[in-house]
Amino acid sequence: MKAALFYGGKDIRIEEVPDPVPGPGQALIQIKSAGICGSDLHGYREVIEDPWFGRPAMDGHELAGIVAELGPGVKNLRVGDEVGVEPRHLIGCGECRYCREGHYEACRNRGMVDGKLGHSNGFAELDVAPEANCHLLPEGVGIEAASITDVYACAVHALHIVPPKPRHTVVIMGSGPIGIACAEAYRAAGAKKVILSGRRKALLDRIKKWAADEVIDVSQVDLVDAVMDLTNGEGADIVIEAVGGDYPGVDTALHVVAPSGTVGVLGISLRPQPIDLMNALFRQAKIMWINSYARWDGVPEFQITLDMMADGRFHPLEMITHHFPLDKIGEGFAAAANKAESGAIKVLINP
Ligand SMILES: [Zn+2]
Ligand SMILES: [Zn+2]
């Protein structure tokens, strides 16, 4: 089969590699669509040595396709089924306390297979996945929408960890796919008002059409002042930090949140950040950490997400702006890495 091989940084080559073979309990998936995730871009923007992946690496954890072949013992899938695939690096060990309780996002051996990190390879013609990770697409959800279920599942997990009440005003900091998905999720869950902040006006105008009640362009106005104006000086009941990086998002969120409100942190920051502790103390604000997704009341959040797409409570097709065939994956990564120029929100590769 053809697959994208990542040699580090912008060096991505399409090469012929052996077809993967489905083992017991696994299905072979013909990949039809795979999303480029913000996390995929870390290794694209700078050459980082990744002890888990090695070089050249295969990659692509947001994927959907058609079941092409079944390994021994697969019971609930048929060749030809359209499936969204829960990525392999998120699978828990199945045995520890967290896995048994359905919190496999907290499993210490998450994604490990025989001492190595297993991961999905969506940027290829074929990949294998355990049967339990292949979710049949509900009526009305196409393969492209299903390939970004991973993004929306993080937003469903946010609802799980920081559920809104009908009277709540929610501020989402960050206009990337995760921020947009969170805005849609909090609207779907019945929050009174959802305000999203970002720094690209054209993008914000677009997002306001389907995902948020209000948008704040923080390249023009101060976020804290703008939120206070929109909330009669009270602040937001819930603030979701979906920016990450070196932006001091947690401290900013703690200045935007109302007294006794909750800050939910999804953004990934690699370096420590200072927090104004007196401000946080006087507000008695809670901080909740929202990592990935797993199960909610025993149901996979990945499945809940697909069902919410089927109901029309999520709008994944609005988020998908660009498509590239596998041969042009380099152009796809370039578009995803420079969103200000390309206008991209979510870029898909169609192997
Ligand atoms: Zn992702
Ligand atoms: Zn476990």
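For the sequence shown, the numbering used here assigns the number 301 to the initial residue and increments by one for each residue that follows.
Even for Gly, the Cβ is constructed at its ideal location relative to N, Cα and C.
Looking at I620, I645, S592, the one whose alpha-carbon comes closest to that of C454 is S592. The three-state reading of DSSP puts D607 in helix, counting H, G and I together.
DSSP places F306 in the uninterrupted beta strand (DSSP E) bounded by 302 to 306.
In the DSSP assignment, L496 falls outside any alpha helix (DSSP H) and lies within the beta strand (DSSP E) extending over 493 to 498.
In its chain, beyond the 5 residues on either side, I312, R313, I314, E315, V317, P356, A357, M358 have a beta carbon closer than 8 Å to the beta carbon of L305. Contact between V539 and V524 does not hold, since their C-beta atoms are separated by about 11 Å, which reaches or exceeds 8 Å. For the pair L648 and H623, the CB atoms are nearer than the 8 Å cut-off.
L363 has its alpha-carbon roughly 19 Å from the corresponding atom of G325. Annotated three-state conformation of R313 is strand, per DSSP. Secondary structure of V428 (DSSP, three-state): strand. For S642, same chain residues with a beta-carbon under 6 Å away, outside a window of 5 residues either side, are A635 in chain order. For F633, there is no enclosing beta strand (DSSP E); the enclosing alpha helix (DSSP H) has its first and last residue at 629 to 637.
Set against 7 Å, the gap from the CB of E395 to the closest heavy atom of ligand 2 is smaller. With contacts defined as CB atoms closer than 8 Å, L426 and L328 qualify as a contacting pair. In this structure S420 is buried. Its beta-carbon is surrounded by 16 or more other beta-carbon atoms within 10 angstroms.
By the C-beta criterion, the region 580 to 589 is judged not to be in contact with the region 410 to 420, since fewer than 3 inter-stretch pairs fall below 8 Å.
Using a 10 angstroms sphere on the CB of P430, the tally of other CB atoms reaches 16 or more, which defines it as buried. Taking each of H555, W589, L554, P574 in turn and checking the Cα distance to G567, the smallest one comes out for W589.
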